[in-house]
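Some notes on the structure that comes next.
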Amino acid sequence: MGACLGACSLLSCASCLCGSAPCILCGCCPSTRNSTISRLIFTVFLFLGVLVSIIMLSPGVESQLYKLPWVCENVAGIPVVLQSHIDCGSLLGHRAVYRMCFATAAFFFLFTLLMICVRSSQDPRAAIQNGFWFFKFLVFVGITVGAFYIPDGSFTNIWFYFGVVGSFLFILIQLVLLIDFAHSWNQRWLGKAEECNSRAWYAGLFFFTLLFYSLSIAAVTLLFIYYTQPNACYEGKAFIGLNLTLCVCISIIAVLPKVQDAQPNSGLLQASTITLYTMFVTWSALSNVPDQKCNPHLPYFGNGTVQTGAEGYATQWWDAPSIVGLIIFILCTFFISLRSSNHRQVNSLLRTEESPPILEATQQQQVVASEGRAFDNEQDGVTYSYSFFHFCLVLASLHIMMTLTNWYRPSETQKMISTWTAVWVKICASWVGLLLYLWTLVAPLLLPNRDFN
């Protein structure tokens, strides 16, 4: 009897792994949309790749790898043709991060192409999007193993520039998500204030607005102290001063009467949030300046210098900007998976649809919801672009690759060096991001015939 029950259990698990998202949930879980569960599971795939990358960067991994037979050393008595040809250097440090993130990006790019023009869950490809998780995991593992067999050559140098472009685009997506979050936050608290006729909600908005502006002012002060010198670091001074000026401008525009009339939900909370994020991007950019006088994050080794010639300085993996960037990356990636926005400009940019409340449900959906399982909410149309969602995860894979390697470029000696490329990419991303936020403010004035509510 026990063997029969065990066999039935295995068959049930196998059908679940090959089936759709609803069977992932247990009976005690609340009912959830099928689209949300699928996005969360794909996000777990991404975080799995991030975890492997972090492990390969951790101290002590190299010594453990060399203890494994047939991996990092030749074994006596074993023919060469039977021995492993994996270079242990590819399993460690930035080379491992590049290969792991290449595998993750390739996995999501495959689904980006596969899910083009899926309109509803009636499309056969929707079943692949929302199910067959075990086979997806096997594909992910297979791509990962293959990535570690890629010869060094010019792979890391070429993939670095892919990472720069992808990370630039993902920084913009982060800013769009931040705009969406700030708009939703402001709208929700203003609605609570009017509904409850309480000033506490207004006090909360004022507190966080003041907090974000205070943190931004403190950030500007610290950037001038630690990343500039009285008679040097003119680029850093220009970047800090220009971004500060732009943030002041968008804060003023956000409260102009005409902007308030066209978009009543606009306010200083959103402007303060964007200002704080811009200061973070500026900090991250200055932490890549390849000049020891202007960048305290460049490490010292041995004789007190890390200079490797005219190209720049050697890498340091775990500094404060990278840790903060990793935290922001995790939060934004989860937000991509869970978001359902009412802001039409943001939905247009991220190619998602407004997610209305579920007022009616079929009898089958009601039964599934009562069992705490996911239900199909995309029979009439998808709530997000499958293809664009996977493309965002491709960009997220490239962004985390650059974050974990501090945006440092591989040199011919396989060392990671800091260059001005990363600085200019991040600064330009901050400028484009501010222009995007400015567009959300002035678009209702420039296009009065369109509905931006």
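According to mature numbering (1 follows the signal peptide of the UniProt record, and there is no 0), the stretch in the sequence shown is residues -19 to -1, 1 to 434, in order. Glycine residues also receive a C-beta, built at the ideal position from the N, C-alpha and C atoms.
Tell me Tyr418's beta-bridge partners as DSSP assigns them.
Within the sequence shown, numbered from 1, the residue matching residue 418 stands at position 437. According to DSSP, Tyr418 bridges with nothing at all.
Minimum C-alpha distance to Thr263 - residue among Phe116, Val406, Phe89:
Walking along the sequence shown from the start, residue 263 turns up at place 282. Comparing Cα positions, the closest option is Val406.
Is the stretch 420 to 430 touching the stretch 242 to 251, taking contact as three or more C-beta pairs under 8 Å?
yes
Starting from the C-beta of Thr209, find all residues in its chain whose C-beta is less than 6 Å away, skip the five residues before and the five after it, and write them out in chain order.
Counted from its first residue, the sequence shown places residue 209 at position 228. Correct list, in chain order: Gly217, Lys218.
Hey, would you say Val196 sits closer than 8 Å to Leu156, going by beta carbons?
Translated into positions along the sequence shown, residue 196 becomes position 215. Translated into positions along the sequence shown, residue 156 becomes position 175. As written in the sequence, residue 196 is Leu, which differs from the Val given in the question. It is not a contact, given that the beta carbons lie outside the stated cut-off.
With H, G and I counted as helix, E and B as strand and the rest as coil, what does DSSP make of Ile97?
Within the sequence shown, residue 97 is the residue found at index 116, counting from 1. Note: Ile97 maps to coil in three-state DSSP.
Spatial neighbours of Ala84 within its chain, please: C-beta separation below 6 Å, excluding the five flanking residues on both sides.
For the purposes of this step, residue 84 is taken as residue 103 along the sequence shown, with counting starting at 1. The answer, listed in chain order, is Ile124, Thr125, Ala128.
Alpha-carbon to alpha-carbon, Asn387 and Leu426:
Walking along the sequence shown from the start, residue 426 turns up at place 445. Walking along the sequence shown from the start, residue 387 turns up at place 406. Distance between the alpha carbons of Leu426 and Asn387: 40 Å.
Presumed contact (8 Å Cβ cut-off) between Leu319 and Thr93, rounded CB distance
The residue you call residue 319 lines up with position 338 of the sequence shown. The residue you call residue 93 lines up with position 112 of the sequence shown. That belief does not hold up - the Cβ atoms of Leu319 and Thr93 are roughly 20 Å apart, past 8 Å.
Rounded separation between Tyr194 and Asn138 - CA only:
As a first step, residue 194 is located in the sequence shown; it is residue number 213 there, counting from the start. As a first step, residue 138 is located in the sequence shown; it is residue number 157 there, counting from the start. One C-alpha to the other measures close to 39 Å.
Taking 8 Å as the threshold (C-beta atoms), are Lys173 and Trp166 in contact?
If you number the sequence shown from 1, residue 166 lands on position 185. If you number the sequence shown from 1, residue 173 lands on position 192. Cβ atoms of Trp166 and Lys173: not closer than 8 Å.
In chain order, what residues of the same chain have a beta carbon less than 7 Å from the beta carbon of Trp140, not counting five sequence neighbours either side?
Here residue 140 refers to the residue found at position 159 of the sequence shown. Answer for Trp140: Tyr79, Phe83, listed in chain order.
Can you tell me whether Lys239 is buried or exposed? The criterion is at least 16 other CB atoms within 10 Å of its CB, across all chains shown.
Translated into positions along the sequence shown, residue 239 becomes position 258. Per the 10 Å Cβ criterion, exposed.
Candidates Val236, Leu416, Phe26, of which the one nearest Lys117 by Cα:
As a position in the sequence shown, residue 117 is number 136, starting the count at 1. Ranking Val236, Leu416, Phe26 by Cα distance to Lys117 puts Phe26 first.
For Leu416 and Ser34, which I take to be in contact (beta-carbon distance under 8 Å), what is that distance rounded to the nearest angstrom?
Position 435 of the sequence shown, counting from 1, holds the residue named residue 416. Position 53 of the sequence shown, counting from 1, holds the residue named residue 34. Not really, about 32 Å apart at Cβ, beyond 8 Å.
Applying the criterion that 16 or more other CB atoms from any shown protein chain within 10 Å of the CB defines a buried residue, is Ile398 buried or exposed?
Counting from 1 along the sequence shown, the entry for residue 398 is found at position 417. Result: buried.
Excluding the 5 residues preceding and the 5 following Gln251 in the sequence, name in chain order all residues of the same chain whose CB lies nearer than 8 Å to its CB.
Along the sequence shown, one-based indexing puts residue 251 at 270. So the list reads Ile160, Ala163, His164, Asn167, Ala235, Tyr418, once near-sequence residues are dropped.
As a quick exercise: from Gly144, Phe220, Met81, pick the residue whose alpha carbon is nearest that of Val404.
The sequence position of residue 404 within the sequence shown is 423, counting from 1. Taking only the C-alpha atoms, the option nearest Val404 is Phe220.
From Ala301 to Pro429, what distance separates their C-alpha atoms?
As a working mapping, residue 301 is identified with position 320 in the sequence shown. As a working mapping, residue 429 is identified with position 448 in the sequence shown. The alpha-carbon atoms of Ala301 and Pro429 are separated by roughly 44 Å.
Do Ser268 and Asn276 count as a contact pair if the criterion is CB distance below 8 Å?
Here residue 276 refers to the residue found at position 295 of the sequence shown. Here residue 268 refers to the residue found at position 287 of the sequence shown. Yes, they are a contact pair.
Would you tell me roughly how many angstroms separate the C-alpha atoms of Thr190 and Ser253, rounded to the nearest one?
Counting from 1 along the sequence shown, the entry for residue 190 is found at position 209. Counting from 1 along the sequence shown, the entry for residue 253 is found at position 272. One C-alpha to the other measures close to 6 Å.
Identify the residues that DSSP records as bridge partners of Ala213: which are they?
In the sequence shown, residue 213 corresponds to position 232, counting from 1. Answer is Gln210.
Would you mind working out which of Ile255, Tyr207, Ala213 sits nearest Asn224, comparing C-alpha positions?
The residue labelled residue 224 in the question sits at position 243 within the sequence shown. Taking only the C-alpha atoms, the option nearest Asn224 is Ile255.
So is Gly414 buried or exposed if we call it buried at 16+ other beta carbons inside 10 Å?
As a first step, residue 414 is located in the sequence shown; it is residue number 433 there, counting from the start. So Gly414 ends up on the buried side.
Buried versus exposed call for Ser351 [16 or more other C-beta atoms within 10 Å across all chains shown]
Counted from its first residue, the sequence shown places residue 351 at position 370. The predicted position of Ser351 is uncertain, since its pLDDT is 46 and thus under 50; a value taken from the coordinates is nonetheless stated next. Per the 10 Å Cβ criterion, exposed.
Buried/exposed call for Leu374, threshold 16 Cβ in 10 Å
On the sequence shown, position 393 is the one that residue 374 refers to. The residue in question, Leu374, is buried, as its Cβ has 16 or more Cβ neighbours within 10 Å.
Assuming Thr314 contacts Ala377 (C-beta within less than 8 Å), just tell me the rounded distance between them.
In the sequence shown, the residue the question calls residue 314 occupies position 333. In the sequence shown, the residue the question calls residue 377 occupies position 396. About 6 Å; that satisfies the 8 Å criterion.
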